[in-house]
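A.B. asks: Per the numbering used here, the very first residue in the sequence shown carries number 1; after that it's consecutive.
Glycine included, C-beta positions come from ideal geometry on N, C-alpha and C.
The model shown is predicted, which means the values in this text are computed figures rather than measured ones.
Please read through the structure below; I'll follow up with questions.
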Amino acid sequence: MLSEHPSYEELTRDFSWSIAEKELEYTPGDIINIGWHCSDRICQKGKADKIALYYEEFGGTRKQYTFNDIRLAGNTIGAFLRSQGIAEGDRVCLFMDRIPELYLSFLGILKMGAIVQPLFSAFGDESLFVRLENAETRAVITQKKHLSKVRKIRASLPGLEYVIIVDSIKPSELKPGEILFSLENAEPVEKFEIAPTRAETHSLLHYTSGTTGQPKGVKHVHYSIMSQYLTTKWVLDLRDDDIYWCTADPGWVTGTSYGIIGPWSLGVTQCVLDTGFSAQAWYRFIENYKITVWYSAPTAIRSLMKAGDELVKEFDLSSLRHLASVGEPLNSEAVIWSGRVFGKQFHDTFWQTETGSIMITNFPGMKIKPGSMGKTFPGITGAVLDPVTYTPIEEPGNAGLIAFRPGWPAMMRTYWRNEEKYREKFVNGWYLSGDRSSIDNEGYYWFIGRDDDVINTGGHLVSPFEVESALLEHPAVGESAVTSKPDEINMEVVKAFITLKPGFTTGPDLELEIMNFIRKKLSPLAMPQAVEFMESLPKTRSGKIMRRVLHAREWGEEIGDISTLEND
Ligand code: PRX
Numbered sequence: 001m002l003s004e005h006p007s008y009e010e011l012t013r014d015f016s017w018s019i020a021e022k023e024l025e026y027t028p029g030d031i032i033n034i035g036w037h038c039s040d041r042i043c044q045k046g047k048a049d050k051i052a053l054y055y056e057e058f059g060g061t062r063k064q065y066t067f068n069d070i071r072l073a074g075n076t077i078g079a080f081l082r083s084q085g086i087a088e089g090d091r092v093c094l095f096m097d098r099i100p101e102l103y104l105s106f107l108g109i110l111k112m113g114a115i116v117q118p119l120f121s122a123f124g125d126e127s128l129f130v131r132l133e134n135a136e137t138r139a140v141i142t143q144k145k146h147l148s149k150v151r152k153i154r155a156s157l158p159g160l161e162y163v164i165i166v167d168s169i170k171p172s173e174l175k176p177g178e179i180l181f182s183l184e185n186a187e188p189v190e191k192f193e194i195a196p197t198r199a200e201t202h203s204l205l206h207y208t209s210g211t212t213g214q215p216k217g218v219k220h221v222h223y224s225i226m227s228q229y230l231t232t233k234w235v236l237d238l239r240d241d242d243i244y245w246c247t248a249d250p251g252w253v254t255g256t257s258y259g260i261i262g263p264w265s266l267g268v269t270q271c272v273l274d275t276g277f278s279a280q281a282w283y284r285f286i287e288n289y290k291i292t293v294w295y296s297a298p299t300a301i302r303s304l305m306k307a308g309d310e311l312v313k314e315f316d317l318s319s320l321r322h323l324a325s326v327g328e329p330l331n332s333e334a335v336i337w338s339g340r341v342f343g344k345q346f347h348d349t350f351w352q353t354e355t356g357s358i359m360i361t362n363f364p365g366m367k368i369k370p371g372s373m374g375k376t377f378p379g380i381t382g383a384v385l386d387p388v389t390y391t392p393i394e395e396p397g398n399a400g401l402i403a404f405r406p407g408w409p410a411m412m413r414t415y416w417r418n419e420e421k422y423r424e425k426f427v428n429g430w431y432l433s434g435d436r437s438s439i440d441n442e443g444y445y446w447f448i449g450r451d452d453d454v455i456n457t458g459g460h461l462v463s464p465f466e467v468e469s470a471l472l473e474h475p476a477v478g479e480s481a482v483t484s485k486p487d488e489i490n491m492e493v494v495k496a497f498i499t500l501k502p503g504f505t506t507g508p509d510l511e512l513e514i515m516n517f518i519r520k521k522l523s524p525l526a527m528p529q530a531v532e533f534m535e536s537l538p539k540t541r542s543g544k545i546m547r548r549v550l551h552a553r554e555w556g557e558e559i560g561d562i563s564t565l566e567n568d
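This is the structure we're talking about:
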């Protein structure tokens with residue numbers, strides 16, 4: 001059964017990224033453009049009439065696009081942006097649900113040489129504001145339904161010159177500086193001069209959250225396609241006749257690296273379902289489109305488990321050939337369950353916004369150890385480091401910090417205008433991922449946890465700092481501390497500890513009001529699932545709030561050294 005795939009040893013022997021360069025017919029120094037590679041090049045390879053995208057939304061609307069359609073749409077959007085005066089290197093934000101225009105604009109922006117800044121459409125105005133301000137974004141492409149959030153902050157963003165709305169809005173409803181662009185009504189642009197982007201030309205700016213400070217813009221370049229192409233081929237095992245479904249939203253890196261660039265650089269058909277989670281809808285989608293390769297996330301898999309085995313039997317899911325997962329720990333029960341009900345086990349993959357592509361994985365041709373993330377991708381030198389000396393721990397099974405030697409194509413090039421934070425990620429020539437794991441005697445990585453306070457809820461990173469700051473803007477909140485609490489499906493969810501200002505009284509109404517306040521300002525992901533009102537928060541004698549005391553209490557862990565605690 002395993003013999004159809006090369007062994008791990010074969011893949012790693014004599015590995016070089018030139019394998020990807022050769023397959024993508026790229027010679028160092030040439031022009032390289034992700035938008036062109038994902039559409040024009042595929043058409044030139046004789047696949048112009050092949051379906052690139054099957055799209056379906058909640059209401060049942062279906063659309064489909066060939067590779068020639070996406071090539072033309074990319075040209076048309078690229079030409080429109082250029083005609084408006086948007087220049088190479090400008091940041092253009094995509095703030096949309098998973099509608100086709102999101103995917104097509106992604107190509108168009110890259111083709112004309114600007115930088116794509118994808119943001120999750122459920123972000124509230126505050127989350128949106130800090131990211132647009134930091135990136136000095138020049139244009140936002142959005143939908144009518146999200147326009148009110150953009151309008152609310154626009155006056156505070158002098159650099160934001162263009163707000164482009166891609167769906168139905170009456171011209172009379174537009175405010176000054178807002179532009180309607182309908183792909184359906186635009187004249188298709190057959191010939192478009194692709195921007196002469198090179199390997200190191202900036203392509204994408206993805207925002208990610210850290211423990212302290214505002215979110216950081218992770219800078220990627222066009223050459224990243226080498227990593228994304230080869231990992232999609234070898235890890236996700238995509239082949240020419242596959243029908244692929246990546247469930248991630250392109251507001252997050254999985255949705256761009258493997259929800260756009262990976263499959264389309266290989267000329268593979270992909271499907272997009274623009275709905276929230278529903279086990280029935282997901283199984284029906286797999287059945288209808290005969291999906292063969294499915295890339296999803298542990299929280300979704302656990303939710304499917306909860307929906308039960310009987311439901312699976314109502315659908316014909318026999319098309320499924322290969323399953324993979326990313327974003328958070330994939331528990332062994334979920335791996336074993338999927339093997340039982342789908343006849344295929346989920347293959348875990350580990351990577352980050354910063355790494356741009358899969359770093360550690362269970363390969364299709366490799367023995368899966370349920371609960372382990374697998375081994376490093378060929379060409380990646382990984383280790384777990386001693387947290388004091390920052391040298392590799394040689395002893396199998398000992399916990400350390402996951403680190404990689406930089407140098408793979410999709411590695412971030414810096415944090416946007418934050419070179420200092422970028423440099424902090426490197427010690428002794430190692431890139432520190434911020435995660436902890438052990439490595440067993442066969443080279444398999446076993447995830448332990450994050451090495452910071454960032455909360456990973458359902459595969460999405462939430463910064464406690466961002467939530468704490470937003471909480472302080474609520475009139476009743478005196479002080480706040482944010483940590484996680486365990487959750488059966490999402491692994492962990494946000495919990496807020498609050499002291500009130502004089503004159504305010506605790507109660508369920510206030511709790512709900514505070515939750516909603518954060519949901520609107522930041523996002524549903526960042527919304528605390530629980531609020532606890534306290535008389536005072538645990539602090540050091542110097543007045544710093546000790547989040548870890550609250551964290552330990554929530555998780556039933558040892559509190560550790562609290563000798564510096566002020567109010568114990
Ligand atoms: O903590 C790790 C967790 O997700 C973090 C990266 O999050 P982000 O940059 O948003 O990218 C997510 C998708 C690539 C990591 O630092 N993580 C990712 N994959 C796994 C994981 N934790 C455990 N197991 C994984 N397979």
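Tell me whether Glu424, by its Cβ, gets closer than 8 Å to a heavy atom of the ligand PRX.
C.D. replies: no
A.B. asks: Pick helix, strand or coil for Ala139, following the three-state DSSP scheme.
C.D. replies: strand
A.B. asks: Compute the minimum distance between the beta carbon of Asp348 and the heavy atoms of the ligand PRX, and state whether it is under 8 Å.
C.D. replies: Yes; taking the cut-off as 8 Å, the Cβ of Asp348 has a heavy atom of the ligand PRX nearer than that.
A.B. asks: Below 8 Å on the Cβ atoms is my contact criterion, and I expect Tyr293 with Leu330 to pass it. Report the Cβ-Cβ distance as a whole number of Å.
C.D. replies: Here the sequence assigns Val to residue 293, which means Tyr is not the residue at that position. Wrong, their Cβ atoms sit about 17 Å apart, outside the cutoff.
A.B. asks: To the nearest whole angstrom, what separates the beta carbons of Pro409 and Pro250, a pair I think is in contact under 8 Å?
C.D. replies: That pair is no contact at about 20 Å.
A.B. asks: Could you please give the first and the last residue of the uninterrupted beta strand (DSSP E) stretch that includes Pro486?
C.D. replies: 477-487
A.B. asks: Relative to the C-alpha of Tyr582, which candidate in Glu184, Leu304, Gly434, Glu57 has its C-alpha closest?
C.D. replies: Absent from the structure is residue 582, since the part of the chain shown begins at 1 and ends at 568.
A.B. asks: Does Phe350 come out as helix, strand or coil in the three-state DSSP assignment?
C.D. replies: Here Phe350 sits in strand by DSSP.
A.B. asks: How is Leu311 classed by DSSP in three states: helix, strand or coil?
C.D. replies: Here DSSP, grouped into helix, strand and coil, assigns Leu311 to helix.
A.B. asks: The ligand PRX heavy atoms versus the CB of Asp435: any closer than 8 Å?
C.D. replies: Answer for Asp435: yes, Cβ within range of the ligand PRX.
A.B. asks: Does DSSP put His5 in a helix, a strand or coil?
C.D. replies: coil
A.B. asks: By the three-class DSSP mapping on this structure, what secondary structure does His206 have?
C.D. replies: strand
A.B. asks: Looking at the structure shown, is Ser338 part of a helix, part of a strand, or coil, going by DSSP?
C.D. replies: helix
A.B. asks: Suppose you measure from the CA of Thr299 to the CA of Val268; what does that come to, to the nearest Å?
C.D. replies: 26 Å
A.B. asks: Got a sec: does the ligand PRX put a non-hydrogen atom nearer than 8 Å to the Cβ of Val326?
C.D. replies: yes
A.B. asks: Looking at C-alpha atoms only, which residue of Arg321, Gly459, Ala248, Arg413 is the closest neighbour of Gly449?
C.D. replies: Minimum Cα distance to Gly449 is reached at Gly459.
A.B. asks: Just tell me which of Lys306, Leu304, Ile360, Lys344 has its CA closest to the CA of Gly327.
C.D. replies: The shortest C-alpha to C-alpha distance from Gly327 to any of Lys306, Leu304, Ile360, Lys344 is the one to Ile360.
A.B. asks: Is Phe447 near the ligand PRX, in the sense that its beta carbon is under 8 Å from a heavy atom of that ligand?
C.D. replies: Phe447: yes, Cβ under 8 Å from the ligand PRX.
A.B. asks: Jot down the residue ranges of each uninterrupted beta strand (DSSP E) in the stretch 510-555, minimum 3 residues, whole runs only, in chain order.
C.D. replies: 530-533
A.B. asks: Nearest by alpha-carbon distance to Met305: which of Val335, Gly276, Asp316 is it?
C.D. replies: The residue with the shortest Cα to Cα distance from Met305 is Val335.
A.B. asks: Is any non-hydrogen atom of the ligand PRX found closer than 8 Å to the C-beta of Thr254, if you look at the structure I gave you?
C.D. replies: For Thr254, the shortest C-beta to heavy atom distance toward the ligand PRX is below 8 Å.
A.B. asks: Looking at the structure shown, is Cys246 part of a helix, part of a strand, or coil, going by DSSP?
C.D. replies: strand
A.B. asks: Apart from the five residues on each side of it in sequence, which residues of its chain come closer than 7 Å, Cβ to Cβ, to Met1?
C.D. replies: Reliability of the predicted coordinates at Met1 is poor, the pLDDT of 42 falling under 50, and the value obtained from them is presented with this limitation in mind. The answer is none, since no qualifying residue turns up.
A.B. asks: Mind checking who Tyr55 pairs with in its DSSP beta bridge?
C.D. replies: Lys63, Val272
A.B. asks: In angstroms, rounded to a whole number, what distance separates the CA positions of Asp568 and Val482?
C.D. replies: Reliability fails at Asp568, whose pLDDT of 48 lies under 50, so the model's placement of it is uncertain and the value that follows must be treated cautiously. Straight-line Cα distance between these residues: approximately 19 Å.
A.B. asks: Which residue comes first and which comes last in the alpha helix (DSSP H) that contains Arg436?
C.D. replies: Unbroken run through Arg436 is the beta strand (DSSP E), 430-439; no alpha helix (DSSP H).
A.B. asks: Looking at the unbroken alpha helix (DSSP H) that takes in Leu472, where does it start and where does it end?
C.D. replies: 464-472
A.B. asks: Would you verify that the beta carbon of Asp451 is, or is not, closer than 9 Å to some beta carbon of chain D?
C.D. replies: Here chain D cannot be found, since the structure has a single protein chain.
A.B. asks: Considering just the uninterrupted stretch of the alpha helix (DSSP H) at His37, what are its terminal residues?
C.D. replies: First-last of the alpha helix (DSSP H) with His37: 34-37.
A.B. asks: For Trp282, name the three-state secondary structure that DSSP assigns.
C.D. replies: helix
A.B. asks: Return the chain-ordered ranges of every beta strand (DSSP E) run that is complete within the stretch 373-420 and spans a minimum of 3 residues.
C.D. replies: 382-385, 400-404
A.B. asks: Distance, Cα to Cα, Leu311 vs Cys246?
C.D. replies: Taking C-alpha positions only, Leu311 is separated from Cys246 by approximately 21 Å.
A.B. asks: Span of the alpha helix (DSSP H) holding Thr232?
C.D. replies: 225-234
A.B. asks: Quick check on the DSSP output: the alpha helix (DSSP H) that includes Ala199 runs from which residue to which?
C.D. replies: Note, Ala199: premise wrong, no alpha helix (DSSP H); not H, not E.
A.B. asks: With a cut-off of 8 Å on the beta carbons, I'd call His222 and Asn75 a contact; round off their distance for me.
C.D. replies: That belief does not hold up - the Cβ atoms of His222 and Asn75 are roughly 18 Å apart, past 8 Å.
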